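K.L.:
Take this structure, written in structure tokens, and hold onto it; I'll ask about it next.
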């Protein structure tokens with residue numbers, strides 16, 4: 001990718017654009033201490049081949065490494081495409097919605113695409129394909145696709161997030177997922193998100209997926225067009241590997257869904273079912289096998305024999 005980037009210019013990227021038109025897509029990239037990865041992310045955005053203008057809004061959240069310097073290098077080369085925001089104070093840690101508000105104020109697109117600074121796209125037609133879909137399918141609020149999980153822990157093999165089949169995700173199947181790097185949504189839907197979503201400590205992709213499914217269906221393509229580095233220092237996956245933080249993260253997700261359930265006036269059984277499953281699963285993860293069985297007998301009956309044996313022995317042989 002780097003060899004191609006040496007020859008890439010703004011004029012080349014904008015060759016098929018209507019240069020008098022506003023950006024149709026805003027690529028939203030949040031980054032913090034991603035110096036080893038941010039160049040790859042930015043290059044994967046710049047390599048997109050489209051017949052419409054897009055902008056790259058990259059927000060450096062007061063990184064303490066060289067991330068901001070790397071962004072400045074790309075910003076100087078592509079000043080009409082890259083909009084950079086450099087914080088001197090970390091916004092994410094405030095947990096008051098300021099991070100979203102700051103980025104929202106810089107985004108002009110009809111559609112928003114998302115990718116954090118340690119992930120990247122692997123299909124140069126990704127934006128074009130997703131815009132074409134949403135332009136011709138007004139009934140969908142968003143679209144997503146499959147993602148390659150790159151395991152930085154050598155004990156695991158790289159794998160796809162899900163089988164390569166298309167699916168329609170709705171409020172009735174909250175457990176069905178996509179990775180944040182694959183999402184494109186209509187900006188009008190995203191900008192209306194209530195403040196409590198931003199203030200919740202649950203992961204952003206969990207909150208956004210719930211809200212978008214509430215607003216309407218999401219089309220999820222089986223095509224693989226992005227890559228997620230799993231195990232990056234400071235990332236959700238790395239933090240979640242710590243046992244105590246894992247429990248805290250799960251409790252944050254449960255708390256969010258309970259608040260979401262109240263916000264929707266307890267209208268959707270799928271939400272309460274999701275809450276029950278998360279609580280049941282947390283009890284099992286913590287080794288409370290019999291408590292989980294007693295409190296959620298219906299969910300326990302649905303477990304396979306293999307799962308029951310696994311969690312039974314885990315109770316007695318916890319490290």
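Numbering (our numbering), first residue to last: 1 to 319.
Every residue gets a Cβ at the ideal spot worked out from N, C-alpha and C, and that includes glycine.
The structure displayed is predicted, hence computed values, not measured ones.
For residue 30, which option in 213, 84, 291 has the closest C-alpha, if you only look at C-alpha atoms?
P.N.:
Against the chain shown, residue 30 aligns to sequence position 30. When only C-alpha atoms are compared, the closest one is 84.
K.L.:
Quick test of your reading: residue 257 and residue 278, contact by CB under 8 Å. State the CB separation rounded to the nearest angstrom.
P.N.:
As a working note, residue 257 is residue 257 in the chain shown. As a working note, residue 278 is residue 278 in the chain shown. So it is a contact: roughly 7 Å between Cβ atoms.
K.L.:
Starting from residue 151, trace the beta strand (DSSP E) both ways and give me its first and last residue.
P.N.:
Position 151 of the chain shown, counted from the first residue, corresponds to residue 151. Residue 151 -> beta strand (DSSP E) spans 142-151.
K.L.:
Express the C-alpha separation of residue 197 and residue 207 in angstroms, rounding to a whole number.
P.N.:
For this step, residue 207 is matched to residue 207 along the chain shown. For this step, residue 197 is matched to residue 197 along the chain shown. Each residue's alpha carbon lies about 6 Å from the other.
K.L.:
So, do the segment 217-227 and the segment 258-278 have three or more beta carbon pairs nearer to each other than 8 Å?
P.N.:
At 8 Å Cβ cutoff, the stretches do not touch.
K.L.:
Is the beta carbon of residue 68 sitting closer than 9 Å to the one on residue 89?
P.N.:
For the purposes of this step, residue 68 is taken as residue 68 along the chain shown, with counting starting at 1. For the purposes of this step, residue 89 is taken as residue 89 along the chain shown, with counting starting at 1. In this structure, residue 89 does not lie closer than 9 Å to residue 68 by Cβ.
K.L.:
Just how far apart, CA to CA, sit residue 49 and residue 127?
P.N.:
Translated into the one-based positions of the chain shown, residue 49 becomes position 49. Translated into the one-based positions of the chain shown, residue 127 becomes position 127. Each residue's alpha carbon lies about 8 Å from the other.
K.L.:
So what does residue 280 bridge to, in DSSP terms?
P.N.:
Residue numbering aside, residue 280 sits at position 280 when the chain shown is read from its first letter. Note: residue 280 sits in no beta bridge, so no partner.
K.L.:
Please list the terminal residues of the continuous alpha helix (DSSP H) segment that includes residue 261.
P.N.:
In the chain shown, residue 261 corresponds to position 261, counting from 1. Its alpha helix (DSSP H) spans residues 243-263.
K.L.:
Let me check understanding here. Comparing Cα to Cα, which of 145, 157, 309, 201 lies closest to residue 287?
P.N.:
Here residue 287 is taken as the residue at index 287 of the chain shown, counted from 1. With distances taken between Cα atoms, residue 287 lies closest to 309.
K.L.:
Pick from 96, 175, 162: whose alpha carbon is nearest that of residue 205?
P.N.:
On the chain shown, residue 205 is found 205 positions in, with the first residue counted as 1. Comparing Cα positions, the closest option is 175.
K.L.:
Mind checking who residue 226 pairs with in its DSSP beta bridge?
P.N.:
Here residue 226 refers to the residue found at position 226 of the chain shown. Beta-bridge pairing links residue 226 to 121, 147.
K.L.:
Does DSSP put residue 92 in a helix, in a strand, or in coil?
P.N.:
Walking along the chain shown from the start, residue 92 turns up at place 92. Helix.
K.L.:
Report, in whole angstroms, the separation of the C-beta atoms of residue 111 and residue 131, which I expect to be a contact under 8 Å.
P.N.:
What you label residue 111 is simply residue 111 of the chain shown in a count that begins at 1. What you label residue 131 is simply residue 131 of the chain shown in a count that begins at 1. Their Cβ separation, rounded to whole angstroms, is 6 Å, which keeps residue 111 and residue 131 in contact under 8 Å.
K.L.:
Using three-state DSSP, classify residue 160 as helix, strand or coil.
P.N.:
The residue you call residue 160 lines up with position 160 of the chain shown. Three-state DSSP puts residue 160 in a strand.
K.L.:
Identify the residues that DSSP records as bridge partners of residue 111: which are they?
P.N.:
Taking the first residue of the chain shown as 1, we reach residue 111 at position 111. According to DSSP, which records beta bridges pairwise, residue 111 is partnered with 25, 186.
K.L.:
Return the chain-ordered list of same chain residues with a C-beta closer than 7 Å to the C-beta of residue 236, the five sequence neighbours on each side being excluded.
P.N.:
As a working note, residue 236 is residue 236 in the chain shown. Residue placement at residue 236 is poorly supported in this model, since its pLDDT is 49, which falls under 50; the coordinates still yield a value, given next. If we look at residue 236 and ignore the five residues flanking it on each side, its Cβ neighbours are 203.
K.L.:
Residue 183 and residue 227: beta carbons closer than 9 Å?
P.N.:
Counting from 1 along the chain shown, the entry for residue 183 is found at position 183. Counting from 1 along the chain shown, the entry for residue 227 is found at position 227. No.
K.L.:
When you compare the segment 32-43 with the segment 113-120, are there three or more beta-carbon pairs, one atom per stretch, that lie closer than 8 Å?
P.N.:
The segment 32-43 is in contact with the segment 113-120.
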